[in-house]
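Chemist: Starting off with a structure, shown below.
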Amino acid sequence: MTDLFPFLQAAADTAGAYHAFPVIGSRAATWIAAEVHLMFAAFVLGVPMFAVITEAVGIFTKDERYRERYDRLSKEFTRLLLVAYSATAIWGAVLVFFLTTLYPRFWNHMTEIFQLSMWIYVGLFFVESFTLYLYYYGWDRWNKGRAKYWHWTLGILLNVWGTAVMLIANGWLTYMMSPPAGVTAQTLPSEVGLWNAIANATWMPINIHRLIANAVFGGSIVAAYAAYRFLAARTDEERAHYDWMGYVGNFVAISTFIVLPFAGYWLGREFYEYNQQLGITMMGGFMSWLWILQAFLIGVLFLAGNYYLWIGMGRIPGAERYRPYTKWLLIILILGVIVWSTPHTMIASRQELEAMGGSHHPFLGVLGVMSAKNTAVNLMILTTFLSFLFYRRANKRPVAPWAKQGMLAQWIMFAIAAMVVLFFGVYGYFVSAIVRIGFSVYQVLAVLTTIVVVTTLDIFLLRGAESRGEIRWGQMPERSQYALFILAVTFTWLMGLMGFARSGIRQHWHVFEVMRDTSPDAVTPALGYASIMISVCVLIFLGLVSFIFWLSELGTKPAEAHAPAAPAPGAGPATAPAPGD
Amino acid sequence: MSEPTPGARVRFPRLSPAELRAALRHPFWQAVALLVGSYVLFKFGVRYLPPLLGMKSAPVPASVLTQFMVTALVGILIYVSDSEDRWRHFKEPIHAGLVDADKKWIRGTLLVLVPLTVAFMTYERVRPSLEAGAQLRSIHPAPPGTITFRGKTMALAGLENPLRQQGNLADQLVEGRRVYYENCVFCHGDRFDGLGHYGHAFNPAPLSFTDPGTIAQLTESFVFWRIAKGGRGLPSEGTPWNSAMPAWEDFLTEDEIWSVIIFLYEQTGWHPRTWGEEGGADAQP
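Here the protein sequences come in this chain order: A and B.
Using my numbering, you'd call the opening residue of the first sequence number 21 and step up by one each time.
Using my numbering, you'd call the opening residue of the second sequence number -3 and step up by one each time.
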C-alpha cells in the first residue's frame, strides 16, 4: 500500500488540475459550451435593445397608423427572447459545469478572485429574467396611458440588467487576457483585488466592442427571422409586415456595424499597449491569416447589406433615378474587398516565391499594410452610408427652400471625406509607423463626421418632403431574403472567429503570464481546426435559433401568427415608415 | 435551322455591329466579358502593366488569384441580380440554353465540357508531383517575452537601443557600417534590397530592408531578436521557415548588433517603431 502512495499522490495532483472529457476532449467541449453560450448571450442582449427602441418609436410617434405596428414589432422581438433566455442560461450552466469539472484548478483561481462578482452576476441574471417575464406577459395589460410608460421602463431596466451582466462577465474574461500589472505567477489569488482584476487594460474596449456587436448581432438575427417568416408567408399582408421587419433588422445591423470596426481597432490597440507579444501574435504572427478570413467575411457583410438595399430600391417609387449609380458603388465595394483581403505575406509555391523574390509581392505588397486596409474600409463605410442615403430619400422630394444648397453641402462633405481618407492612405506610405498610426484617427474622424453631419442635414432636408409614392412593402424578390440569411450566418461565424482570435492569442496560458495551461490541449490550434470548431458552434446555434423561430410561431394562435399587418383603416402595409424617417 | 450537309464546313454565325452592341448591352454577355476581363487583369495585367510604368511586379500567386476571382465573381453576380429587369435578362440565355430545342448543341457541349473540366481539375490536384506545396509563412512571428543573449537575460518588451543614448551617433554608424559590410551585405545586398551576391541562391530571398513591410514595421528590439537568434531561433509557429540566416549572437557582440540596427534604419530612411504611445495594430500578414 505504501508503494502505491506516491503514485496515488501524483494521480491526485493531476486529477486536481484537469479532467478529460470523452471523445472530443475537454477543450473542444468547453469551447463549444462557451461559444454557443456567448452567441445566445449576444442575442438576448441585442434583441432587448431593439425591442425597447421600437416600442419607444411606437409610443412617441405622432402618427396613429404606426403606433400599433411598432408595438407589435417590439412584442414579436420579445417573444423570441423568452426561449432564447432559457437557452442562454442552459448553455451558461453547461459552461460552468465543464469548467468546474474539467478545469478545477483554473476555476478555483477564478472563483477566489471573482466570487463576489459571481454572486452579483447570478442575482442580476435572476432579476433580469423576471423583468423579461413582466415585460412580455404584461404587454397587453399595460398597453395604454401611463401604464405603457411603466411598461417601457421595464424594457429599459431589462437592458440595464443585461448590460450589467455582460460587464461582469467581461471582467472575468479580460482578466484572463490582460491581468493587472503586478499580478504574477507567484501572486496568490487572494491578494488580487476584485476591482483591480475587473477594471483591467482591455475591459472597457471589450465592453464597448461587445455592446455594439450585440446590437449588430441582434439586428441580423431578427432580420433572418423576418426573412424566414417572409418566405413562409401566406398573405400579402404578412409578406409586407415581414419585409418591413427584415428591413428594420437589417437597418439596425448595418448602421451599428458601421461603427464596429472603430471599436475593434481600439481593442486591438489596447492589446498592443498591454503586451507587444499579444499584439504581434494577433496581427502579425501565426494568427495573421485569420484577418484575411475576417476581411473576407466583413466584405461579405458589406456586399450583402448593400445588395439588400439595392434590391429593396426596386419597390420604392422614385428610386429609379439612383439606379445608374449603384454599379459605381459596387465597384468601390469590390475594389475595397480586394484591397482589404490582399495578404501581405502570400501563400505561394516555391516557384511563386522565387518569382516574387520572397513572400511579399513586389507590386501587390503595398496593399498588404494598414495604410491600404484603413483606406479601403473607410471608403467602404462611406459607400454603404451613401447607399442608405439613396434608399432613404428614394421616394421623397424635398420641399425646403434651401434643398439644393443642402444637397450640394452633403455631396461636398462626401467628397472631402473621401479625399481625406485617400490622402492619408497614400501619405501613410511615406512616414514612420508612429505617424502613420495617427493618420487612421483622421480617416475615421472624417468618415464619422460626414455620417453625423450628412444625416443631420438630411433629417432637416426631408422634413415635410413630398412623397413620390409609397414603398410597396412585400414586393421584394425572394433572393433578397437570402441576403438577410447570409448576413446572419456571416455575423455569427465572424463572432466565433473573433472570439477565437481574442482567446487564442493567450496561447499556452489560462491567465496570460500568470497561470500556465499545462493540459494536453495547451497547444494553440491551427486555423483550419479552429474554423471547423467555429462552424460546429455556428451550426449548433443556428439550429437552436431556427427551432426557437419555429417555437415562437407554434406558441401563437393562428389568428395572431397571420394577423393582418395593417392595424388601422386606410393604413395599408405599404405605408409603413422606414427607420430614420 | 437546317442540318449541315456532310463534309461541308461549319459556318459560325457572324454578328453585325448592331448585334454586337446589343450583345454587349446584354447582362449575360456583360457578365461573361467582366469575368474574362477580370481574369486577364489579375493574371496578366498585374504582372505586365506595372513594369511599363517603371514599377516592379511579378506573377500573382495562384492562391491570391483565386481569391481575387471569387471576389470579382461575387461582384458580377450582385451586378446582374440587384435589379429585377437585369436579373430577368441575365437568365434568358441560360434558360434558352437549357430549354430551347435549337440549343441542343449547347447542352451537348456543356454535358461533355463540364465533366471534362472537373475531371481535369481533379487530375491536376491529385497527380503525384515533386513540387513542394504552397507555403504560408509568417514574416513577423510574435517575439518571446525574454531572450537569453550569451547567458544574459533580456526582456524584449520596452527594450530600447542603448546605443542611441550613449556616445556619438556618427561613431555608431561607422561601426554599424563595418558590421554590415563584413557580415550582412553578401545576402542583403549593397542596396539593402535582399539582392546580395549570395542572396540569389536562397528561396525565399533574404528580406529587403527597403520594403515598407519589413524593418519599417518593427521595433529595434524585434530586429535585435531576429539578428541575434537567426533562422534557427524562429518559433515553431508558421514553420517551415526556410531561413538560412545564422544566429549572429555566435559571431557578433551585443553592441555590434545594436550598431548595425542603427545603420540599417539610417540607410533605408525608415524610423523604428517606438514603444508606448502609438501601440496600434499596424502589422499585417
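For glycine and all other residues, C-beta sits at the position ideal for the given N, C-alpha and C.
This one's a predicted model, so the numbers in the text were calculated from it and none came from an experiment.
Name, please, each residue of chain D whose Cβ falls closer than 9 Å to the Cβ of L350/A.
Modeler: Although the question refers to chain D, the structure presented lacks it and instead comprises the protein chains A and B.
Chemist: Using the Cβ count rule (16 or more neighbours within 10 Å means buried), how would you classify F520/A?
Modeler: Buried.
Chemist: Return the CA-CA distance between I479/A and Q425/A, expressed in angstroms with no decimal places.
Modeler: The alpha-carbon atoms of I479/A and Q425/A are separated by roughly 15 Å.
Chemist: Between the region 52 to 65 of chain B and chain A, which residues of the former have CB atoms less than 9 Å from a CB of the latter, in chain order?
Modeler: Residues K52, S53, A54, P55, V56, P57, A58, S59, V60, Q63, F64.
Chemist: Between E498/A and chain B, is the shortest Cβ-Cβ distance under 8 Å, so that the two count as touching?
Modeler: Judged by the 8 Å Cβ criterion, E498/A is not in contact with chain B.
Chemist: R174/B to F259/B, Cα distance in whole Å?
Modeler: Spanning the two alpha carbons is a distance of roughly 10 Å.
Chemist: Exposed or buried, which one is Q9/A when buried takes at least 16 other CB atoms within 10 Å?
Modeler: Examination of residue 9/A is not possible in this model, given that chain A is present from 21 through 601 alone.
Chemist: Just mark E245/B as buried or exposed, buried being the case when its beta carbon has 16 or more other beta carbons within 10 Å.
Modeler: E245/B is buried by the Cβ-count criterion.
Chemist: Excluding sequence positions up to five away, which residues of its chain have a Cβ less than 7 Å from the Cβ of L329/A?
Modeler: Within the same chain, L329/A has close Cβ partners S407, F408, Y411.
Chemist: Where do the ends of the alpha helix (DSSP H) carrying H229/A lie?
Modeler: Per DSSP, H229/A belongs to the alpha helix (DSSP H) from 223 to 252.
Chemist: Where does M51/B fall in DSSP's three states?
Modeler: Note: M51/B maps to coil in three-state DSSP.
Chemist: Give the range of the beta strand (DSSP E) segment to which V531/A is assigned.
Modeler: Taken as a continuous stretch (DSSP letters only), the beta strand (DSSP E) holding V531/A covers 529 to 531.
Chemist: Should S566/A go down as buried or exposed, given a rule of 16 or more other Cβ atoms within 10 Å for buried?
Modeler: Result: exposed.
Chemist: Identify the contact partners of V42/B in chain A, using a Cβ-Cβ distance below 9 Å as the criterion.
Modeler: Going along chain A in sequence order, the residues near V42/B (Cβ under 9 Å) are H381, F383, L384.
Chemist: How big is the Cα-Cα spacing for L399/A and L349/A?
Modeler: C-alpha separation (whole angstroms): 10 Å.
Chemist: From the beta carbon of G190/B, is the nearest beta carbon of chain A less than 8 Å away?
Modeler: Yes, contact with chain A.
Chemist: For the putative contact between I331/A and N415/A, defined by C-beta atoms under 8 Å, what is the C-beta separation to the nearest angstrom?
Modeler: At roughly 16 Å, the Cβ-Cβ gap does not stay under 8 Å, so I331/A and N415/A are not in contact.
Chemist: Sort G226/B, E250/B, W254/B, A212/B by Cα distance to H267/B and report the nearest one.
Modeler: Checking every option, the nearest Cα to that of H267/B belongs to A212/B.
Chemist: Below 9 Å between beta carbons is the criterion; list the residues of the region 236 to 253 of chain B that meet it against any residue of chain A, in chain order.
Modeler: So the close ones are N238.
Chemist: What residues in its chain sit with their C-beta under 8 Å from that of M69/A, if we drop five residues either side in the sequence?
Modeler: The residues are N179, N234, A235, G238.
Chemist: Comparing alpha-carbon positions, which option in W570/A, L564/A, V558/A lies nearest I52/A?
Modeler: Among W570/A, L564/A, V558/A, the Cα nearest to that of I52/A belongs to V558/A.
Chemist: Quick check on T605/A: does DSSP put it in helix, strand or coil?
Modeler: The displayed coordinates of chain A run from 21 to 601. Any statement about residue 605/A would go beyond what the structure contains.
Chemist: Are any of the Cβ atoms in chain A nearer than 8 Å to that of Q263/B?
Modeler: No, Q263/B does not count as interfacial toward chain A.
Chemist: Under 8 Å, do Y327/A and I74/B count as touching if we go by C-beta distance?
Modeler: Result yes, Cβ atoms of Y327/A and I74/B sit closer than 8 Å.
Chemist: In angstroms, rounded to a whole number, what distance separates the CA positions of V28/B and T512/A?
Modeler: Using only the alpha carbons, I get a separation of about 33 Å.
Chemist: Tell me T144/B's beta-bridge partners as DSSP assigns them.
Modeler: T149/B.
Chemist: Quick check: is the beta carbon of A138/B nearer than 8 Å to any beta carbon in chain A?
Modeler: Output row for A138/B: interface = yes.
Chemist: So which residues of chain B does Y327/A contact, with C-beta pairs closer than 9 Å?
Modeler: Going along chain B in sequence order, the residues near Y327/A (Cβ under 9 Å) are I74, S77, D78.
Chemist: If contacts are defined as beta-carbon pairs under 8 Å, then A68/B and L31/B qualify, I think. What distance do you get, rounded to the angstrom?
Modeler: Their Cβ separation, rounded to whole angstroms, is 7 Å, which keeps A68/B and L31/B in contact under 8 Å.
Chemist: In the DSSP assignment, the alpha helix (DSSP H) including P344/A goes from what residue to what residue?
Modeler: Where P344/A is concerned, the enclosing alpha helix (DSSP H) stretches over 343 to 361.
Chemist: Could you tell me whether any Cβ in chain B is nearer than 8 Å to the Cβ of L323/A?
Modeler: Closer than 8 Å to some Cβ of chain B, the Cβ of L323/A qualifies, so yes.
Chemist: Beta-carbon within less than 6 Å of Y195/A's beta-carbon, same chain only, minus the 5 sequence neighbours each way: which residues are those?
Modeler: So the qualifying residues of the chain are A217, N220.
Chemist: Please report how far the alpha carbon of G229/B lies from the alpha carbon of F282/A, in whole angstroms.
Modeler: Roughly 36 Å between the two C-alpha positions.
Chemist: Let me check you understand the geometry: is the CB of M69/A closer than 7 Å to at least one non-hydrogen atom of the ligand NAP?
Modeler: Ligands displayed in this structure: none; no statement on the ligand NAP is therefore possible.
Chemist: Please state whether DSSP places R10/B in a helix, a strand or coil.
Modeler: The answer is coil: DSSP assigns R10/B none of H, G, I, E or B.
Chemist: Does chain A have any CB closer than 8 Å to the CB of T142/B?
Modeler: By this cut-off, T142/B is not an interface position.
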